[in-house]
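Asker: Just passing along the structure, written as structure tokens.
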Amino acid sequence: MSGHRGLKIGLKAAVSGAIFAYLLTKAPVGKLGPLILQADHSLWLAAFLLYLAGQVLSAYKWGLLAEPLGLKRPYRQLVAFYFIGMYFNLFMVGSIGGDLMRVWLLAGREDSRMRSAYSIFAERFTGGMALITIAALASLSSFSHLLPRGLKIGVILGSLGVWAFVAVLPRIVEAFPRLQRLAARFKLGDFTLYWSRPGRMAAVLALSFLFQAMNILVVALLGKAVGLGVPLSAYFFVVPVVDLVSVLPVSISGLGVREGSYVFLLHLLGAETTTAFACSLLVLSVVVLSGAIGGVVYLLTDYPMVIRRKRTP
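Using the working numbering, the first residue of the sequence shown is number 1493, and each one after it goes up by one.
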């Protein structure tokens, strides 16, 4: 590991640790522990199962995006790859560590890793489109007066910007033929091929909205489990914003940033700090346990950690 990379990892770990330390000063363990232990276990289980169902659904969506790139795989295999990626996300530095594993697994020994990466980028991007759109719509709800004006405006403008970018990208490509040549160099072919499949992309976007709604309901169930007392509609703003902020490469896999963002936003909506922190830790427990299932899948299959290539992509 180079000194520069080691320094970056150290700084990210420091950010995660500092945020957790600060939150613990606001929510002492003596109050936090009993609150978590006394949470409604049936609601936690329901949230956990719903979260797993969401990942299975997202793996299907990924398959819809991979197939046009010549990367058709059995659905069962895609689910396995997806959960293995979740497992590696638990300890690989950065929020895309598990995605890199999925790139290698989907491409295998022969197919282009660039096309594999493009399918995962498309999966993430369409999920992000759904997230920011849901947040923008939710920002118009009755609780919106409790939120910072700048945050609401930023979310709405971000949503409009994303949809505008998607609408004009094919024309941008036409105006700059070099982009097509660059895509061909990396064996992507026509990287606007998704635009020529409106039916498939409509299904992908519909699944993206459904998947994000399921994830939002997961957090709502966990909030109810600890008696958070926040209206359901508020979660449709809070969860997407937290998910988007957690992607920022400033901490280890979003740790600390995610929990701090939950506490900040939920506190604005009237939640008590300790209860909001407890909810965020229950969310973390669901993510970690789901990732651990991916570890079991990895151990029980013959998928190699590093796949030797017969040729370069």
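By construction, the Cβ of each residue, glycine as well, lies at the ideal position given by its N, Cα and C atoms.
Quantities reported herein were computed from a predicted structural model and do not represent experimental measurements.
Going along the chain, which unbroken runs of the alpha helix (DSSP H) with 4 or more residues stay wholly within the stretch 1555-1588?
Answerer: List check, alpha helix (DSSP H) in window: 1567-1581.
Asker: Per the contact definition of three or more C-beta pairs closer than 8 Å, is the stretch 1786-1796 in contact with the stretch 1563-1575?
Answerer: In short, these stretches touch, since the Cβ pair count reaches three.
Asker: In whole angstroms, what is the alpha-carbon distance linking ALA1558 and PRO1526?
Answerer: Rounded to the nearest angstrom, the two C-alpha atoms are 45 Å apart.
Asker: Assign PRO1640 to buried or exposed, taking buried as 16 or more other Cβ atoms, counted over all protein chains shown, within 10 Å of its Cβ.
Answerer: PRO1640 comes out exposed.
Asker: Among residues of its own chain, excluding the 5 on either side of LEU1623, which ones have a beta-carbon nearer than 7 Å to its beta-carbon?
Answerer: Excluding positions up to five away in sequence, the list reads GLN1704, PRO1732, ASP1735, LEU1736.
Asker: Between GLY1562 and MET1578, which are expected to be in contact by the criterion C-beta below 8 Å, what is the C-beta distance as a whole number of angstroms?
Answerer: Between MET1578 and GLY1562 the Cβ distance is about 25 Å, and since that is not below 8 Å, they are no contact.
Asker: Who are the Cβ neighbours of ALA1712 in its own chain at under 6 Å, not counting the five residues just before and after it?
Answerer: LEU1724, TYR1727.
Asker: Between LEU1740 and VAL1749, how many whole angstroms is the CB-CB distance? I'm expecting something under 8 Å.
Answerer: With a Cβ gap of about 7 Å, LEU1740 and VAL1749 count as contacting.
Asker: Could you check what DSSP says for GLU1615 in three-state terms: helix, strand or coil?
Answerer: Of the three classes helix, strand and coil, the one that applies to GLU1615 here is helix, per DSSP.
Asker: Suppose the cutoff is 8 Å on Cβ atoms and the five residues either side in sequence are ignored; what does the same chain contact list for GLY1555 look like?
Answerer: Here the set comprises LYS1564, ARG1565, TYR1567, LEU1570.
Asker: For ARG1801, count neighbouring Cβ atoms within 10 angstroms of its own Cβ and tell me buried if that reaches 16, exposed if not.
Answerer: Because the pLDDT at ARG1801 is just 44, under 50, the model does not fix this residue reliably, and the value given afterwards should be weighed accordingly. Classification for ARG1801: exposed.
Asker: By a C-beta neighbour count over all protein chains shown, 10 Å radius and 16 as the cutoff for buried, is GLU1751 buried or exposed?
Answerer: Counting Cβ neighbours within 10 Å, GLU1751 comes out buried, since at least 16 surround it.
Asker: Taking the alpha helix (DSSP H) that LEU1468 falls in, what are its first and last residues?
Answerer: In the structure displayed, the chain extends from 1493 to 1805; residue 1468 sits before or after that span and is not available.
Asker: Taking all protein chains shown into account, decide if THR1517 is buried (16 or more other Cβ within 10 angstroms of its Cβ) or exposed.
Answerer: THR1517 should be labelled exposed.
Asker: Could you tell me the alpha carbon to alpha carbon distance between SER1738 and SER1753, rounded to whole angstroms?
Answerer: So the two alpha carbons sit approximately 8 Å from each other.
Asker: Of all the options GLY1600, TYR1686, ALA1551, which has the alpha carbon lying nearest to the alpha carbon of ASP1794?
Answerer: The candidate whose alpha carbon is nearest that of ASP1794 is GLY1600.
Asker: If contacts are defined as beta-carbon pairs under 8 Å, then LEU1524 and ALA1698 qualify, I think. What distance do you get, rounded to the angstrom?
Answerer: 39 Å between Cβ atoms; not a contact.
Asker: Taking the CB atoms as reference points, tell me whether SER1700 and THR1765 lie closer together than 8 Å.
Answerer: No, the Cβ-Cβ distance between SER1700 and THR1765 is not below 8 Å.
Asker: Run the CB neighbour count on PRO1560, radius 10 Å, all protein chains shown included, and call it buried at 16 or more, exposed below.
Answerer: Label assigned to PRO1560: buried.
Asker: So LEU1649 is in the alpha helix (DSSP H); what residue range does that whole segment cover?
Answerer: 1641-1667 is the span of the alpha helix (DSSP H), which, as asked, contains LEU1649.
Asker: What residues in its chain sit with their C-beta under 7 Å from that of VAL1742, if we drop five residues either side in the sequence?
Answerer: Around VAL1742: LYS1504, VAL1507, VAL1749.
Asker: Would you mind giving the Cβ-Cβ distance between ALA1717 and ASP1532, rounded to the nearest angstrom? I have them listed as a contact below 8 Å.
Answerer: Indeed, because the Cβ distance is near 4 Å, the residues count as touching under 8 Å.
Asker: For GLY1719 and ALA1694, what's the separation of their Cα atoms in angstroms?
Answerer: Looking at the two C-alpha atoms, the distance is approximately 37 Å.
Asker: Indicate the three-state DSSP secondary structure (helix, strand or coil) for LEU1702 in the structure shown.
Answerer: Here LEU1702 sits in helix by DSSP.
Asker: Would the beta-carbon of ALA1628 fall within 8 Å of that of SER1651?
Answerer: Result yes, Cβ atoms of ALA1628 and SER1651 sit closer than 8 Å.
Asker: Is the CB-CB distance between VAL1710 and VAL1755 below 8 Å?
Answerer: No, these two residues do not count as a Cβ contact at 8 Å.
Asker: Let's see if you can read the secondary structure: which residues bound the alpha helix (DSSP H) around ALA1726?
Answerer: 1724-1738 is the span of the alpha helix (DSSP H), which, as asked, contains ALA1726.
Asker: Using 8 Å for Cβ pairs, my map puts SER1611 next to LEU1598. What's the rounded Cβ distance?
Answerer: Between LEU1598 and SER1611 the Cβ distance is about 7 Å, and since that is below 8 Å, they are a contact.
Asker: Cα-Cα, which of HIS1496, ALA1538, THR1767, VAL1654 is closest to VAL1722?
Answerer: Here the closest residue by C-alpha is THR1767.
Asker: Does DSSP put PRO1690 in a helix, a strand or coil?
Answerer: The answer is helix: DSSP assigns PRO1690 an H, G or I state.
Asker: Where do the N-terminal and C-terminal ends of the alpha helix (DSSP H) with ILE1528 fall, by residue?
Answerer: Element bounds for ILE1528: 1521-1529.
Asker: Give me the Cα-Cα distance between LYS1644 and GLY1746, rounded to the nearest whole angstrom.
Answerer: About 22 Å.
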